[in-house]
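Be aware that the sequence shown starts at 1, since it is given in full-length UniProt numbering, and climbs by one per residue. Note that CB positions come from ideal geometry on N, CA and C, so glycine has one too. Nothing here was measured: the structure is a model prediction, and the numbers come from that model. What follows is a single structure, written as structure tokens, with notes after it.
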Amino acid sequence: MAKGISVNPSVIRWAIHASGKSVENISEKFSKIREWSTIESKLSVTDLNKLSKELRIPFGYFILETPPKEDIKLLKYRTINNLENENPSRELVDTIRSMEKRQNFMKEVLVEDGFSPLPFVGCKTLEDDFRKVSKDIIEKLNLEKGWNKKNKDTFNILREAVSNIGVILMQNGIAGNNTHRSLDVSEFRAFVLIDKYAPLIFLNSKDSENGKIFSVCHELVHIWLGLDELYNDRFKRDQEFENAELERFCNRVSAEMLLPLDLLVNIFDHNLTPYENLKNISDKFNVSDLVVCIKMKQEELISPKIFNELYPLLLEEINENMLKEEKKSKKSGGDYYRTQGSRMDINFVRSVDRRAKEGKILYTEAYELLGAKGNTYDKLVRHMEGGQ
1 MAKGISVNPS
11 VIRWAIHASG
21 KSVENISEKF
31 SKIREWSTIE
41 SKLSVTDLNK
51 LSKELRIPFG
61 YFILETPPKE
71 DIKLLKYRTI
81 NNLENENPSR
91 ELVDTIRSME
101 KRQNFMKEVL
111 VEDGFSPLPF
121 VGCKTLEDDF
131 RKVSKDIIEK
141 LNLEKGWNKK
151 NKDTFNILRE
161 AVSNIGVILM
171 QNGIAGNNTH
181 RSLDVSEFRA
191 FVLIDKYAPL
201 IFLNSKDSEN
211 GKIFSVCHEL
221 VHIWLGLDEL
231 YNDRFKRDQE
241 FENAELERFC
251 NRVSAEMLLP
261 LDLLVNIFDH
271 NLTPYENLKN
281 ISDKFNVSDL
291 VVCIKMKQEE
301 LISPKIFNEL
311 YPLLLEEINE
321 NMLKEEKKSK
331 KSGGDYYRTQ
341 GSRMDINFVR
351 SVDRRAKEGK
361 ILYTEAYELL
371 GAKGNTYDKL
381 VRHMEGGQ
């Protein structure tokens with residue numbers, strides 16, 4: 001009798017589909033993959049471990065009698081509805097799971113420490129005036145109108161302000177610490193997990209700096225509305241929104257947070273061409289060209305005809321610039337502690353380290369939550385606190 005673990009072929013087929021890899025690609029390392037996906041087979045623990053790592057599917061899933069049903073609630077709240085998102089990458093799935101775990105940890109800490117729910121979570125509706133919502137968010141963040149004008153440190157200022165009001169802000173361009181598992185901007189730019197105690201925003205750091213700034217603003221609006229979101233807007237003209245009214249509202253509030261109407265009107269120069277105006281405004285306010293273009297059309301500073309001429313040109317420019325930035329980032333190694341530190345929220349790091357020092361969690365759990373062990377963990381915490 002052949003030794004090994006019996007694996008249902010339907011589970012193998014599900015795992016292949018969930019991995020996003022082709023049978024041809026997998027067969028280069030697993031010559032029997034077609035057989036395994038056709039008839040019930042006995043696989044050794046070694047083979048299952050290798051297959052689990054190759055497909056990024058948890059080992060335990062392979063010993064189930066039927067394919068698992070992964071209930072990832074966040075996927076129901078995609079900005080854009082398209083077929084590509086029907087089968088999320090394992091990188092996205094694992095990132096969502098990781099952030100859910102970190103959010104749950106923070107909520108437990110906050111509740112145990114006697115904190116009250118955050119009053120701004122779910123405090124607005126789509127019936128509210130978008131300019132008033134924008135003003136409310138900016139004031140809560142303790143920022144001034146035009147806070148981002150001529151300020152090249154816009155992202156870090158926004159990030160600190162967000163953290164100061166109790167919103168967890170994480171970012172990464174890879175799944176976990178695995179540099180071979182890149183997060184794809186075309187799949188998602190950001191997501192927000194709503195919770196009254198510990199709302200969490202995650203940014204895909206493969207996005208541009210201006211793109212991330214807009215995503216933070218966009219997800220803050222979702223927090224004010226109390227609505228989860230997987231933000232996968234590609235800014236294409238023919239996209240099908242899951243909830244068009246919701247996204248229009250969030251985009252208008254976000255644009256107003258970055259480009260208040262009165263400041264936009266004051267800086268708009270009628271002696272310049274629309275393209276020159278757009279570039280001038282985006283540069284001074286650290287806002288993406290596309291957002292400026294949309295905002296100028298909404299406020300009737302440019303005609304629909306000019307908008308239709310500019311938009312595809314700008315989209316092409318942005319895609320080209322992102323490809324250039326991606327090539328640059330692949331060439332540069334970077335500093336580990338700076339990179340890892342930039343991925344995490346400072347309040348989260350402090351809470352994990354404090355709980356470990358108090359003996360309320362094991363250091364093994366703290367290591368897992370921060371993605372670092374031993375001396376590396378200690379150095380990372382010191383780096384986050386401003387030490388060396």
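Query raised in the report: How is N148 classed by DSSP in three states: helix, strand or coil?
Result: Within the sequence shown, residue 148 is the residue found at index 148, counting from 1. Coil.
Query raised in the report: What do you reckon, are the CB atoms on L74 and F62 nearer than 9 angstroms?
Result: Counting from one through the sequence shown, the residue named residue 74 turns up at place 74. Counting from one through the sequence shown, the residue named residue 62 turns up at place 62. No, the Cβ-Cβ distance between L74 and F62 is not below 9 angstroms.
Requested in this report: Measure the C-alpha to C-alpha separation of G4 and V45 and round it to an integer number of angstroms.
Outcome: Residue numbering aside, residue 4 sits at position 4 when the sequence shown is read from its first letter. Residue numbering aside, residue 45 sits at position 45 when the sequence shown is read from its first letter. The straight-line gap from Cα to Cα measures roughly 7 angstroms.
Report task. Kindly indicate the opening and closing residues of the alpha helix (DSSP H) around N277. Result -> Translated into positions along the sequence shown, residue 277 becomes position 277. Per DSSP, N277 belongs to the alpha helix (DSSP H) from P274 to F285.
Query - First through last residue of the beta strand (DSSP E) which encompasses F191 - result: In the sequence shown, counting from the first residue as 1, residue 191 sits at position 191. Segment A190 to L193, the beta strand (DSSP E) holding F191.
Query - Where the alpha helix (DSSP H) through L290 begins and ends - result: What you label residue 290 is simply residue 290 of the sequence shown in a count that begins at 1. Note, L290: alpha helix (DSSP H), D289 to Q298.
Query raised in the report: L126: which of H17, V111, A244 and C217 sits nearest, CA to CA?
Result: As a working note, residue 126 is residue 126 in the sequence shown. The option with the nearest alpha carbon to L126 is A244.
Report task. Alpha carbon to alpha carbon, how far is E256 from Q388? Give it in angstroms, no decimals. Result -> Taking the sequence shown and counting its residues from 1, the one referred to as residue 388 is at position 388. Taking the sequence shown and counting its residues from 1, the one referred to as residue 256 is at position 256. For Q388, the predicted model reports a pLDDT of 48, less than 50, meaning its position is unreliable; a value from the coordinates is still stated below. Roughly 39 angstroms separates the two Cα atoms.
Query raised in the report: Could you give the distance in angstroms between the alpha-carbon of G114 and the alpha-carbon of R248?
Result: On the sequence shown, residue 114 is found 114 positions in, with the first residue counted as 1. On the sequence shown, residue 248 is found 248 positions in, with the first residue counted as 1. C-alpha separation (whole angstroms): 37 angstroms.
Query raised in the report: Bridge partners of Q171, per DSSP?
Result: Taking the first residue of the sequence shown as 1, we reach residue 171 at position 171. DSSP output for Q171 lists L203 as bridge partner(s).
Query raised in the report: What's the gap between the Cα of S182 and the Cα of N204?
Result: The sequence position of residue 182 within the sequence shown is 182, counting from 1. The sequence position of residue 204 within the sequence shown is 204, counting from 1. S182 and N204: Cα-Cα distance of roughly 10 angstroms.
Query raised in the report: Alpha carbon to alpha carbon, how far is F108 from N142?
Result: Numbered from 1 along the sequence shown, position 108 holds the residue referred to as residue 108. Numbered from 1 along the sequence shown, position 142 holds the residue referred to as residue 142. The question names Phe, but residue 108 is Glu in the sequence shown. Using only the alpha carbons, I get a separation of about 27 angstroms.
Query raised in the report: How should T95 be labelled, buried or exposed, when 16 other C-beta atoms within 10 angstroms of its C-beta is the threshold for buried?
Result: Residue mapping note: residue 95 aligns to position 95 of the sequence shown, counting from 1. Buried, because 16 or more other Cβ atoms sit within 10 Å of the Cβ of T95.
Report task. Tell me where the alpha helix (DSSP H) around E368 begins and ends. Result -> Here residue 368 corresponds to residue number 368 of the sequence shown, with the count starting at 1. Element bounds for E368: Y363 to L370.
**Report entry** C-alpha distance - H222 paired with W147, whole-angstrom precision
**Finding:** Here residue 222 refers to the residue found at position 222 of the sequence shown. Here residue 147 refers to the residue found at position 147 of the sequence shown. So the alpha carbons of these two residues sit roughly 21 angstroms apart.
Report task. To the nearest angstrom, report how far apart E28 and K212 are at their CA atoms. Result -> Within the sequence shown, the letter at position 28 stands for residue 28. Within the sequence shown, the letter at position 212 stands for residue 212. Roughly 38 angstroms between the two C-alpha positions.
Query - Alpha-carbon spacing of R343 relative to E40, whole angstroms - result: Position 343 of the sequence shown, counted from the first residue, corresponds to residue 343. Position 40 of the sequence shown, counted from the first residue, corresponds to residue 40. If you take the alpha carbons of R343 and E40, they lie about 43 angstroms apart.
Report task. Less than 8 angstroms between the CB atoms is what I'm expecting for L315 and F235, so what's the real figure, rounded? Result -> For the purposes of this step, residue 315 is taken as residue 315 along the sequence shown, with counting starting at 1. For the purposes of this step, residue 235 is taken as residue 235 along the sequence shown, with counting starting at 1. Confirmed, about 6 angstroms.
Query - For F105, the three-state DSSP class (helix, strand or coil) - result: Locating residue 105 in the sequence shown gives position 105, counting from the first residue. Helix, per DSSP.
Query raised in the report: By a C-beta neighbour count over all protein chains shown, 10 Å radius and 16 as the cutoff for buried, is S6 buried or exposed?
Result: Taking the first residue of the sequence shown as position 1, residue 6 is located at position 6. With fewer than 16 Cβ atoms within 10 Å of its Cβ, S6 is classed as exposed.
Query raised in the report: Going by the CB atoms, is the gap between S89 and D184 shorter than 9 angstroms?
Result: Taking the sequence shown and counting its residues from 1, one reaches residue 184 at position 184. Taking the sequence shown and counting its residues from 1, one reaches residue 89 at position 89. Against a cut-off of 9 angstroms, the Cβ pair of S89 and D184 comes out as a contact.
Query raised in the report: With a Cβ-Cβ cutoff of 9 angstroms, do W14 and P68 count as a contact?
Result: For this step, residue 14 is matched to residue 14 along the sequence shown. For this step, residue 68 is matched to residue 68 along the sequence shown. Result yes, Cβ atoms of W14 and P68 sit closer than 9 angstroms.
Query - 6 angstroms Cβ shell around A175 - same chain, five flanking residues per side excluded - result: For the purposes of this step, residue 175 is identified with residue 175 of the sequence shown, where counting begins at 1. So the list reads E91, D94, T95 and R181, once near-sequence residues are dropped.
Report task. For S186, count neighbouring Cβ atoms within 10 angstroms of its own Cβ and tell me buried if that reaches 16, exposed if not. Result -> As a position in the sequence shown, residue 186 is number 186, starting the count at 1. Classification for S186: exposed.
Query raised in the report: Would you say D269 reaches chain C, if we count a Cβ-Cβ gap shorter than 9 angstroms as a contact?
Result: Here chain C cannot be found, since the structure has a single protein chain.
Query raised in the report: Looking at the unbroken beta strand (DSSP E) that takes in Y231, where does it start and where does it end?
Result: Taking the sequence shown and counting its residues from 1, the one referred to as residue 231 is at position 231. It spans E229 to Y231 - the beta strand (DSSP E) in which Y231 sits, taken as one unbroken run.
Requested in this report: Quick one: residues in its chain with C-beta nearer than 6 angstroms to the C-beta of H383, no 5 flanking neighbours on either side, listed in chain order?
Outcome: On the sequence shown, residue 383 is found 383 positions in, with the first residue counted as 1. Only Y337 and G341 meet the Cβ criterion.
Query raised in the report: On the three-state DSSP scale, how would you describe M1?
Result: The residue given as residue 1 occupies position 1 in the sequence shown. Confidence in M1 is poor, its pLDDT being 40 and thus under 50, which makes the residue's placement unreliable; the coordinate value appears in the next sentence. In this structure, M1 counts as coil in the three-state DSSP scheme.
Requested in this report: Would you kindly work out how many angstroms separate the C-alpha atoms of Q298 and V292, rounded to a whole number?
Outcome: Taking the sequence shown and counting its residues from 1, the one referred to as residue 298 is at position 298. Taking the sequence shown and counting its residues from 1, the one referred to as residue 292 is at position 292. Straight-line Cα distance between these residues: approximately 10 angstroms.
Query raised in the report: Should N347 and G166 be called a contact, given that it needs their Cβ atoms to be closer than 9 angstroms?
Result: On the sequence shown, residue 347 is found 347 positions in, with the first residue counted as 1. On the sequence shown, residue 166 is found 166 positions in, with the first residue counted as 1. Yes; because the gap between Cβ atoms is below 9 angstroms, this pair is in contact.
**Report entry** S116 versus L110 - alpha carbon distance
**Finding:** If you number the sequence shown from 1, residue 116 lands on position 116. If you number the sequence shown from 1, residue 110 lands on position 110. Approximately 8 angstroms, taken between the alpha carbons.
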